[in-house]
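Since the structure comes first, as C-alpha cells, the remarks are kept for the end.
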Amino acid sequence: MTPKTPLTIIGGYLGAGKTTLINALLAGDHGQRLAVIVNDFGSINIDAALIENADGETISLANGCICCRIADDLATTLIGLASPDRQQYDNRIDHILIETSGVAEPEKVAAYASALPAFQLSNIVVLVDVETFRARAKDKFVGSLVQRQVKAADLLILTKGDMLDEKIRAERQAEIVDGVKAGIMEGEEARSAPERLLGLSARASVALSDRHTHEGNVPFGEHSFTSDTPVDVETLKRHFQGRPAGLHRAKGILHISADRDRRYVLQFAGDRLSVEPDRAWGADRPQTRLVVIGPKGDPDFDVWSQRIREQLFSL
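Under the numbering used here, think of the first position of the sequence shown as 3, with each following residue one higher.
Shown next, in the form of C-alpha cells:
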C-alpha cells in the first residue's frame, strides 16, 4: 500500500507572517522535498510571487479562500501531487504545505484536504501576530474568525512580539495562549526548527462537517492593481498615510521609478507599512502588482482604493 502523504496546514490572520515561515521551511535543512500550495485573498496571487522556491515546488491557485470558492481546485491539485509519477523516488513529494488565506478557517481546509484518501493530516499550524491580536480579537468584523483560527491550531506560532517591550509582550502572549491546548513556539524558534512543524502529530482526523461555501459570511473586500508604469514610491507612501481605518492588509511587488533595475516588496499589516528592496528583475517583466484588503462594501475603503488606481496606475 502506498503511504499517505502528510499535510501541514499553515493558517493565521492577515499579516501574521505565513509567507516568511514558508520561505524558511523551503530553505530549511530538513531533508524533505516539499510541495507548497499557496493562496491569497485577492485576484493576484501575491504570496506566490513572494515565495522563493528552494528545493520545493510552489503551486499557486486562483483567488479566494481555499476552503470555499476553489475547493475543487484544491482537490485537483492535491490529487495531482499524489499521482503515480510523483511516487517515483526522484520525483517524490515528502510533505505538502497548504498556506491558507488570512481570512480562511484552517480547520475547514484541513477537513477538506485530509478527507482525500491519499493524504494524512500532520498539523494545523496557526501564526498569531502578538502585537495586533488583542485588537483583532475584539474587532466586530473579524474577532470571531481570529479566535476560531487560534482554537483550531495544533501548534501556535507567536510572531512580532519583538515589536513590544518585554512586559507587554508577556501580557499579550498570556492572553493568546490562555485556555489553548496547542503547542506554543515563537516565530524565530519555528523558523529555525522546521522538523517541529513537519513532524507527524498524533492528531485525529478533523471531522468534515462543513464543505459548503461561506463566502457570504466573510466581511472582506479586495482591490487589485497591475501596472507596467513605474510607481513613485513616496507618493504611494503618502497615500497610505491617509488610509481608511478599516484597511486590514496590503502587499505587493512594486516597479518603482527611483530604482527600475530591481523590484521592491510592499507590506502593510498592523498599522505598519514597509517598502523594502528585493532582487533584480532579471528576466522577469518589471511590473507593479498590489492587493489591498479591507471591509467589504465600506465606502471609505473603496474610495481610497479607487484613488490608488487613479493617482498611481492611470499615468
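From the three backbone atoms N, C-alpha and C, an ideal C-beta is built for every residue, glycine too.
Fair warning: this is a prediction, and the values are worked out from it, not measured in the lab.
If you draw a 10 Å sphere on the C-beta of Pro119, you find fewer than 16 other C-beta atoms in it, and that means exposed. The DSSP-derived three-state label of Tyr266 is strand. The straight-line gap separating the alpha-carbon atoms of Leu238 and Ala139 is approximately 29 Å. For Ile126, the uninterrupted beta strand (DSSP E) segment begins and ends at Phe121 to Asp131. By the C-beta density criterion, Asp300 is buried, having at least 16 other C-beta atoms within 10 angstroms.
Judged by pairs of C-beta atoms under 8 Å, the region 141-149 does not touch the region 20-37, as fewer than three such pairs exist.
If you draw a straight line from the Cα of Glu109 to the Cα of Ala260, it comes to about 44 Å. Rounded to the nearest angstrom, the Cβ distance from Val127 to Leu80 is 18 Å, too far for a contact under 8 Å.
Taking the Cα positions, Leu123 is about 30 Å away from His250.
Put simply, of Leu199, Thr10, Val132 and Leu200 the residue whose alpha carbon is nearest the alpha carbon of Ala172 is Val132. Contact check for Val294 against Ser307 passes: the beta carbons are separated by less than 9 Å.
A Cβ-Cβ distance of about 19 Å is found for the pair Gln175 and Leu199, leaving them out of contact under the 8 Å criterion. Lys253: member of the beta strand (DSSP E) spanning Arg251 to Ile258, first to last residue.
Rounded to the nearest angstrom, the gap between the Cα atoms of Pro232 and Ala184 is 46 Å. Cα atoms of Asp304 and Asp96: separation of roughly 43 Å, rounded to the nearest angstrom. Beyond the five residues adjoining it in sequence on each side, Asp302 comes within less than 8 Å, by CB distance, of Pro246, Ala247 and Gly248 in the same chain, given in chain order. The alpha-carbon of Gln243 is positioned some 10 Å away from that of Asp273.
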